[in-house]
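>
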Amino acid sequence: MKNLTFVILYILLSGVQTTFGQNETDDIIVGSKFVIKSNILDEERTCLISLPDSYNNSSEVDKKYPVIILLDGYTHFKTASGIVHFMSSNRNRNNLMPESIIIAIENVDRERDFTVTKIKTKRPNNMGGGRIFLNFIEKELVPYIDKKYKTEPFRTLVGHSLGGLLTLNSYMDENSVFNAYISIDPSIWWNEEMMKNKVDSISSISLDKKLYIATANQGEANYERNKQRHDSLYTLITKKSDKPLNIEIEYFEKENHRSVPLVALYEGLKYINQEE
15 MKNLTFVILY ILLSGVQTTF GQNETDDIIV GSKFVIKSNI LDEERTCLIS LPDSYNNSSE
75 VDKKYPVIIL LDGYTHFKTA SGIVHFMSSN RNRNNLMPES IIIAIENVDR ERDFTVTKIK
135 TKRPNNMGGG RIFLNFIEKE LVPYIDKKYK TEPFRTLVGH SLGGLLTLNS YMDENSVFNA
195 YISIDPSIWW NEEMMKNKVD SISSISLDKK LYIATANQGE ANYERNKQRH DSLYTLITKK
255 SDKPLNIEIE YFEKENHRSV PLVALYEGLK YINQEE
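Just remember that my numbering sits 14 ahead of the position in the sequence shown, which is counted from 1.
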C-alpha cells in the first residue's frame with residue numbers, strides 16, 4: 015500500500031510539474047465532451063473522452079487503442095485519466111498497460127440504468143433498466159466510438175457501487191461486447207439471489223474473460239452485507255470451472271466505499287493488463 019501511495023503522489027506531482035512547465039497561456043487538456051442521441055434510451059447522453067498522448071502523433075497514424083468504458087463518468091473521469099496516463103504513457107515508461115481511450119458516461123438516472131431488477135420501495139421508482147442501458151452501450155455507443163476513433167477490439171467496463179453491480183451483470187452475459195471487467199465494491203445486496211442464479215447459468219465464454227472485484231471496508235456492522243457477500247460470489251464463480259480462471263478479488267481494509275475507487279482502479283487495471 016505504501017507503493018500505491020507513492021504512485022498517487024507521483025501522479026499528482028507530475029501534473030503540477032507539467033503545469034508549471036507550460037507557458038501560462040497554454041491549456042492542459044485532460045479530455046473533451048461529446049453528446050450522443052440514443053434511440054434505445056430515447057434521450058441524449060453526454061460522454062467524456064480522454065485520448066492517449068500518442069493518438070495524434072504523425073508517426074502513430076496506424077496505431078489503434080483499447081477502450082475503457084467508465085460508468086459514473088463525471089465522478090471518476092479525471093481520476094481514471096490520471097491513473098491510465100501514469101500506467102501507460104511513454105513519458106513515464108511504466109508499461110503497466112497499453113495506452114487506452116477512456117469513454118466516461120455521465121449519469122442521468124443511476125437506479126434506472128445500473129439495476130436490472132426492481133426492488134420494492136415506499137416511493138415510486140424507475141429501477142430495472144440496466145439491460146436497456148447495456149444495449150445502449152453495446153449497440154449505439156461502442157459502434158459510434160469504433161467508427162469515430164482509432165480503436166482496437168479490446169474493451170474494459172469499469173463500474174463502482176451500483177455501477178459495479180451492472181459490471182457484474184455484463185460479465186455474466188455471454189453476449190457482452192467487453193473483454194474485461196473491473197467491479198468496484200459492487201452492490202450485490204440489491205438482488206443477491208438473482209446474482210446466484212446468474213452464476214448457476216454462467217457460460218464458459220464469460221469464465222474465459224478477466225474480472226477484478228474490489229471490496230471496501232464498510233465496517234463491522236456491514237461485514238455480511240459487503241465483504242462476505244463478495245467473497246461468496248467469488249467462490250461460486252470459481253467453482254464453475256476446474257481450470258484456473260481469470261478472476262481476482264481484493265479486499266481494501268483501509269478504504270471505505272467512497273475512497274476505494276482510486277486504489278481499485280489502479281490495481282484493477284494492473285491485473286487486467288498483466289501478462290499471462
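Think of the CB as a built atom: it goes at the ideal place given N, C-alpha and C, for glycine as much as any other residue.
What you are looking at is a predicted structure, and each value in this text was computed from that prediction instead of being measured.
What's the C-alpha gap between glutamine 36 and tyrosine 88?
Caution applies to glutamine 36, whose pLDDT of 42 falls short of 50 and renders its modelled position unreliable; the value that the coordinates give is listed next. Cα to Cα, glutamine 36 sits roughly 26 Å from tyrosine 88.
> What did DSSP end up calling glycine 233 once you bin it into helix, strand or coil?
Three-state DSSP puts glycine 233 in coil, outside helix and strand.
> Identify every residue that forms a DSSP beta bridge with arginine 59.
Answer by DSSP bridge pairing, in chain order: Ile50.
> Starting from leucine 110, follow the alpha helix (DSSP H) in both directions and report where the run begins and ends.
Element bounds for leucine 110: n/a, residue is neither H nor E.
> So proline 66 and serine 114 are in contact, right, with Cβ under 8 Å, and what is the actual spacing, rounded?
Their Cβ separation, rounded to whole angstroms, is 7 Å, which keeps proline 66 and serine 114 in contact under 8 Å.
> Would you kindly check if the distance between the Cβ of lysine 210 and the Cβ of leucine 247 is under 9 Å?
Contact flag set, yes.
> Tell me the residue span of the alpha helix (DSSP H) that contains phenylalanine 192.
Phenylalanine 192 -> no alpha helix (DSSP H), and no H or E assigned at all.
> With contact counted as at least three CB pairs below 8 Å, one residue from each stretch, are the region 258 to 275 and the region 227 to 236 in contact?
Taking 8 Å as the limit for Cβ pairs, the verdict is that the region 227 to 236 does touch the region 258 to 275.
> Return the residue from the list Pro112, Val213, Ile63 that minimises the CA-CA distance to phenylalanine 91.
When only C-alpha atoms are compared, the closest one is Ile63.
> Where glycine 45 and isoleucine 286 are concerned, what is the direct C-alpha to C-alpha distance, given to the nearest angstrom?
Near 23 Å, if we compare the C-alpha coordinates of isoleucine 286 and glycine 45.
> Quick check on valine 130: does DSSP put it in helix, strand or coil?
Reduced to three states, the DSSP call for valine 130 is coil.
> My assumption, with CB atoms under 8 Å, is that glycine 142 sits in contact with phenylalanine 128. Please give the rounded CB distance.
Their Cβ separation, rounded to whole angstroms, is 10 Å, which puts glycine 142 and phenylalanine 128 out of contact at 8 Å.
> So tyrosine 195 and threonine 165 are supposed to be a Cβ contact under 8 Å. How far apart are they, rounded?
Actually they are not in contact, since the Cβ atoms of tyrosine 195 and threonine 165 sit about 18 Å apart, beyond 8 Å.
> Return the CA-CA distance between glutamine 99 and serine 68, expressed in angstroms with no decimal places.
Correcting the residue type first, residue 99 is histidine in the shown sequence and not glutamine. Each residue's Cα considered, the two are about 11 Å apart.
> Go through its chain and collect everything with a Cβ distance to glutamine 31's Cβ below 8 Å, but skip five positions before and after it.
Low local confidence applies: a pLDDT of 41 at glutamine 31 is under 50, so the model's placement there is unreliable, and no value is given.
> Identify whether glycine 35 lies in helix, strand or coil by the three-state DSSP scheme.
With a pLDDT of 39 at glycine 35, under the threshold of 50, the modelled position of this residue cannot be trusted; read the value that follows with caution. Helix at glycine 35.
> Does the beta-carbon distance from valine 81 to phenylalanine 168 come in below 9 Å?
Yes; because the gap between Cβ atoms is below 9 Å, this pair is in contact.
> Output the distance between the C-alpha atoms of aspartate 187 and serine 175, rounded to the nearest integer angstrom.
Cα-Cα distance, rounded: 19 Å.
> To the nearest angstrom, how far is the alpha carbon of glutamine 288 from that of methionine 111?
Near 8 Å, if we compare the C-alpha coordinates of methionine 111 and glutamine 288.
> In the structure shown, what three-state DSSP assignment does glutamate 188 receive?
The answer is coil: DSSP assigns glutamate 188 none of H, G, I, E or B.
> How about isoleucine 119 and cysteine 61: are their beta carbons less than 9 Å apart?
For isoleucine 119 and cysteine 61, yes; Cβs fall inside 9 Å.
> Go through its chain and collect everything with a Cβ distance to serine 95's Cβ below 8 Å, but skip five positions before and after it.
Excluding sequence neighbours, serine 95 sits near Val44, Gly45, Ser64, Ile116.
> Where does glutamate 289 sit, in a helix, a strand or coil, going by DSSP?
Reduced to three states, the DSSP call for glutamate 289 is coil.
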